[in-house]
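Enquirer: Next up is a structure, given as structure tokens.
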Amino acid sequence: MTVQQRKTENFIEVGHAKSIQMSPGNPETCAVENLANTLQSRIAEQSSLICMLKDRADKTLLQYQAQLKINANLEKHAANYQEKLDREQKKRSSDLVSSNKAMISLIEEHKNQNVQLKVEYERLQLETDSQFSQKLQEKESLVQKRTEDIELLKEKLTKSENEYRGKLAESESKLKEKVAQHQAKEASLLIKFSEAQQQQREAVETCEDLKLKLEKTKEQRALEEIGMRERIKNLIEENER
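Structure representation (structure tokens):
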């Protein structure tokens, strides 16, 4: 039983005791008694409503605190994931797109949860303002503080998301640059290979030409030797005569 409920019951008991002491035959006493009963009934209803709203506010606060823990864990997991992604980025450049989608999906889901929580708090704040604004000022201040904390968390998430996208763009740029360098190197090697093939063909053609010239030279020398032998033979025959 809450303090407010105990106060309400005590008030009802005191009023009931006073009503017993009043004279039932006096009209003014009956009017006062009816008014007291009406006030007691309204106070009991308001007390019950206050307790109900307080329970709802406490439940929402517990949900928010649990969400804060989840947010902290998500931030920790996101930081660990970012560190792991940076380490493996050079080895697994082909997985950047899927990792980016997973990270963005996680951030968007986290934002949606924060938005839903903020809407719930705003709705609760409107209800409390319309019923018992003076009784729940502390709760309103707490809700305002939690809302500001959510905004700060959203700013941090936005900043982290922008930093991640910047790093991702930088990595993609470096990857494209490496690919371009590799393609340029490959093209250069193809050109050198083509030039080497051309040089090889020219060398083969030169070798064939040299072989032909060598054959012609051998034939010419053979003819010259035959002619020389015939001249020597003729000279010997002339000398013998």
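Residue numbers (my numbering): -14 to 226. By construction, the Cβ of each residue, glycine as well, lies at the ideal position given by its N, Cα and C atoms.
Can Gln67 and Leu102 be called in contact, C-beta distance under 9 Å?
Expert: Reading the sequence shown from its first residue, position 82 is the one you call residue 67. Reading the sequence shown from its first residue, position 117 is the one you call residue 102. The answer is no: Cβ separation not under 9 Å.
Enquirer: Are there three or more Cβ pairs, one per stretch, closer than 8 Å when the stretch 103 to 110 is compared with the stretch 38 to 51?
Expert: Yes, the stretch 103 to 110 is in contact with the stretch 38 to 51.
Enquirer: Whole-angstrom Cβ separation of Asn99 and Ile55, contact assumed at under 8 Å?
Expert: What you label residue 99 is simply residue 114 of the sequence shown in a count that begins at 1. What you label residue 55 is simply residue 70 of the sequence shown in a count that begins at 1. With a Cβ gap of about 10 Å, Asn99 and Ile55 do not count as contacting.
Enquirer: To the nearest angstrom, how far is it from the Cα of Cys192 to the Cα of Leu160?
Expert: Here residue 192 refers to the residue found at position 207 when the sequence shown is read from its first residue. Here residue 160 refers to the residue found at position 175 when the sequence shown is read from its first residue. In a straight line, the C-alpha of Cys192 is about 47 Å away from that of Leu160.
Enquirer: How many Å lie between Lys96 and Asn147 at the Cα?
Expert: On the sequence shown, position 111 is the one that residue 96 refers to. On the sequence shown, position 162 is the one that residue 147 refers to. Taking the straight line from one Cα to the other gives about 14 Å.
Enquirer: For Gly151, which of Arg27, Cys15, Ser26 and Asp71 has the nearest alpha-carbon?
Expert: Residue numbering aside, residue 151 sits at position 166 when the sequence shown is read from its first letter. With distances taken between Cα atoms, Gly151 lies closest to Asp71.
Enquirer: Just mark Met88 as buried or exposed, buried being the case when its beta carbon has 16 or more other beta carbons within 10 Å.
Expert: Position 103 of the sequence shown, counting from 1, holds the residue named residue 88. Met88 is buried by the Cβ-count criterion.
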